[in-house]
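Student: Residues are numbered in my numbering as their position in the sequence shown, beginning at 1, plus a constant of 18.
Quick reminder that beta carbons are idealized off the backbone N, C-alpha and C, glycines included.
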Amino acid sequence: MTHMHVAGSIHADATSAAPVWLRKPDDANRLADGLWSSTATRADDGCLRIGGLTADELVRQCGSPVYVIDEVDFRDRARTWRDAFEGWSVYYAGKSFLCADVARWIDSEGLCLDVSSHGELVVALRAGFDPARIALHGNNKSDEVLRLALTRGVGRIVVDSADEIGRLERLTTELGVRAQVLIRVTTGVEAHTHEYIATAHEDQKFGFSISGGQALVAMVRCYGSPTIDLRGIHSHIGSQIFDTNGFEVAARRTLRLMSQFKEATRVTLPELDLGGGFGIAYTTDDTPAPVDELARDLEGIVDHECRAFGLERPHLSVEPGRTISGPSGTALYTVGTTKYVEVGGGQTRRYISVDGGMSDNIRPALYAAEYSAVLANRASDAPVELSRVVGLHCEGGDILVRNVFLPGDVAPGDLLAVPASGAYSRSMASNYNYTPRPAVVSVRDGKVSTLIRRETLDDLLALDGGLSGE
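1) What is the DSSP secondary structure of Gly-26, counted as helix, strand or coil?
2) Who pairs with Lys-357 in a beta bridge, going by DSSP?
3) DSSP on Gly-230, reduced to helix/strand/coil?
4) What residue from Ser-405, Phe-423 and Asn-395 has the CA that sits closest to Leu-433's CA?
5) How should Leu-154 be labelled, buried or exposed, when 16 other C-beta atoms within 10 angstroms of its C-beta is the threshold for buried?
6) Between the C-alpha atoms of Ala-233 and Thr-286, what's the straight-line distance to the nearest angstrom?
7) Quick one, which of Arg-196, Val-458 and Gly-344 has its alpha-carbon nearest Thr-301's?
8) By DSSP, does Leu-116 sit in helix, in strand, or in coil?
9) Could you spell out the range, first to last residue, of the beta strand (DSSP E) harbouring Phe-423?
10) Checking 7 Å against the spacing of the C-beta atoms, do Arg-95 and Ile-342 come in under that value?
11) Output yes or no for whether 7 Å exceeds the beta carbon distance between Ser-134 and Lys-113.
12) Taking the alpha-carbon positions, what's the Ile-417 to Cys-130 distance?
13) Take Val-402 as the anchor and find which of Asp-427, Leu-410, Glu-388 and Ala-387 has the nearest alpha-carbon.
14) Helix or strand or just coil, what does DSSP make of Asp-310?
15) Provide the residue span of the beta strand (DSSP E) that contains Gln-198, from first to last.
16) On the three-state DSSP scale, how would you describe Arg-284?
17) Among residues of its own chain, excluding the 5 on either side of Asp-321, which ones have a beta-carbon nearer than 8 Å to its beta-carbon?
18) Can you tell which of Gly-242, Arg-174 and Ser-253 has the C-alpha that lies nearest to the C-alpha of Arg-284?
19) When the distance is taken between beta carbons, is Pro-425 closer than 7 Å to Leu-393?
20) The alpha helix (DSSP H) that contains Cys-80, what's its start and end?
21) Output the residue ranges of the beta strand (DSSP E) runs that lie fully inside the segment 400-480 and measure 3 residues or longer, sorted by chain position.
22) Considering only the beta carbon of each residue, do Ile-319 and Glu-266 sit closer than 7 Å?
23) Report the start-end ranges of each beta strand (DSSP E) in the segment 113-164 that is 3 residues or longer and not cut off at the edges.
24) Could you say if the segment 441-456 and the segment 370-378 meet the contact criterion of at least three C-beta pairs nearer than 8 Å?
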């Protein structure tokens, strides 16, 4: 029997050329359409500029690596969702990226907020976000977080299990309050995305199965509870999805479930949350639909299915996260080394190592996610070369950008910018290899504000009982 190391799949294409979708750019200094935040441009000297500040200015002020959030772009995207889905409740998915100032931006732009952990809920509450406009998710909510949500008046608790229903009944009785809930269901939709971010197929951890009858049982139980108010159904089919086909199937199955519930109880549930998961462009191969087109399609889907089942149209909710925070963020890195590696067949690959890696963006290692990158601190007229941008961690799979054409003169000390880094980068970051997490800053009109400060080694060592004196 032949055994392959788990990293084998990473290196399986080592001798191949660029992927079919990746085109050699005519001008390596041009910023590809659709990948960058709205204020991102090239300055006269060729340096990338975001929010009125160049990449080298940002690194001088904030250090490297650093996540840069374009506040104007972020707010514009939030308003675009709010306006396109007029009459809906639009919940920003805090798991994509959340901090106190982002919560305040979302609040001021008129969006609601969904959180999926105790920590995210505390951030939202301490930022002053109205708890009535918060939805709490999670497949394993503790008594502590449920008690906090109930006492602070969180608007919606998305129930994920029969155990959770029992905990809610006990806590609401103890506290003398009522819980406003949505039932999280799995619709059996196979979203066309990576297995780890597809969340509506049957064999996974979230929600109650529709096909197995669990969902209807849970709904009837909540409806009969003296301290729980069943408001409706919640569905989420996955992430990084580019069309509405999966949502059509999910809407049909959730509305059929609403119809079955009405037959059993003679009650029409007032709410349906279709979740989020809408995709963005990480590379030139990605083609996300415009938000207004998504809104029109989803409106039509729900209206059609409501007519088919003879239901009044419920109040609808949607949960964009990545589509707001993702394109608004850019990661800046400093090049440390470059080298050429023989990969067989007379071919070589150029590796460009930067001062970040899988600790600040785990998605390429976890999902084989693709990203783009550009030389950010200057223009270059050198011929481009197919390159691989890698991190500093002690892992062969520590790859940030698997394939990208970059100028052949990229050298130590240069800056690289990775667009579409605002979602699921800092929020999924770790301290692997005792690496402090980068700062997150916002830029607007030539000014920098710290959203989350840079961690230091002292921060990490303070947690070590053998070093902190505890």
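Tutor: For this structure:
1) Note that Gly-26 scores a pLDDT of 42, beneath 50, so its modelled location is shaky and nothing firm can be said.
2) Tyr-369
3) coil
4) Asn-395
5) buried
6) 16 Å
7) Minimum Cα distance to Thr-301 is reached at Gly-344.
8) coil
9) 417-425
10) Less than 7 Å divides the Cβ of Arg-95 from the Cβ of Ile-342.
11) Yes. Within cutoff.
12) 35 Å
13) For Val-402, the closest alpha carbon among the candidates Asp-427, Leu-410, Glu-388 and Ala-387 is that of Asp-427.
14) helix
15) 197-204
16) coil
17) Arg-331
18) Taking only the C-alpha atoms, the option nearest Arg-284 is Gly-242.
19) A contact, by the Cβ cut-off of 7 Å.
20) Where Cys-80 is concerned, the enclosing alpha helix (DSSP H) stretches over 73-80.
21) 402-408, 417-425, 433-436, 457-462 and 465-470
22) yes
23) Within the segment 113-164, the runs of beta strand (DSSP E) that reach at least 3 residues and sit entirely inside it are, in chain order, 130-133 and 152-154.
24) Cβ pair count under 8 Å is three or more, so yes.
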